[in-house]
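Remarks on the structure that follows.
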Amino acid sequence: MQTINKNYFQLFSIPETYQLDIDLLGENYRGMQVEMHPDRFVNASEEEKMWSVQRSSVLNQAYDTLKDPLKRAAYMLERQGMNIEQVSQHDLGIDLLMEQMELRESLDELPKNESALDALGRLKKEVSEKLNSREESFSSMLMDNELATAKKIFHEMQFLKKLLLEINQGEEQRLGY
């Protein structure tokens, strides 16, 4: 029995880079899932069964982390020794705080009925574009080993992702879902 590799990128035999081939990740995950599934170890020793369960758990956690851009960013920063939970005013900056306030005001000022759907769609597009831009910047900073800047961008990505979720919820509420 081999040890369980804790490096998620190595586990899936993919390059350790923020910009991933998500299709390849999924393909490798499904292949490993079949290979390591606990049902395949029904007649194995207790030790092998336990290893299979642990391996499946790590595999699922690794896949969940790498497939989500924000979780992947956090994982990569933590692997570089960055504490993403510790946030200072320097990490956020006045520009981000102003942008947060402006975007939140735009969302809060919209009517709470279907008449706001077009405006919500435009806001969603704007926030999605900002998030995509931040993700590209994050990738560049990480590749250049500019970890402090990458951490700052990560916090910007967190805010934008949260705002996107709120916009989606706003759409659903206005549509009666």
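What the sequence shown shows, in our numbering, is residues -1 to 175, in sequence order. Idealized CB from N, CA, C, for every residue including glycine.
### Message
Could you check if Tyr175 belongs to the surroundings of the ligand SAH, using beta carbon to heavy atom distance under 6 Å?
### Response
This structure simply doesn't include the ligand SAH, nor any ligand for that matter.
### Message
For a quick check, are the C-beta atoms of Ser137 and Gln8 less than 7 Å apart?
### Response
Looking up residue 137 in the sequence shown gives position 139. Looking up residue 8 in the sequence shown gives position 10. It is not a contact, given that the beta carbons lie outside the stated cut-off.
### Query
How many angstroms separate the CA atom of Gln52 from the CA atom of Pro67?
Looking up residue 52 in the sequence shown gives position 54. Looking up residue 67 in the sequence shown gives position 69. Computed Cα separation, rounded: 24 Å.
### Identity of the residue in Gly174, Leu163, Ala146 nearest Ser86 by Cα
Numbered from 1 along the sequence shown, position 88 holds the residue referred to as residue 86. Residue Ala146 is the option with its Cα nearest to Ser86.
### Query
If you run the structure through DSSP and keep just helix, strand and coil, what is Tyr175?
Along the sequence shown, one-based indexing puts residue 175 at 177. Three-state result, Tyr175: coil.
### Query
Along the chain, which unbroken stretches of the alpha helix (DSSP H) at least 4 residues long are found entirely within the segment 8 to 55?
20 to 34
### Query
Using a beta-carbon distance below 7 Å, is Ser138 in contact with chain B?
As a matter of chain content, chain B is missing from the structure shown, which is built from one protein chain.
#### Entry: Inter-residue Cα distance where the pair is His35 and Ser54
Mapped onto the sequence shown, residue 35 falls at position 37. Mapped onto the sequence shown, residue 54 falls at position 56. Each residue's Cα considered, the two are about 6 Å apart.
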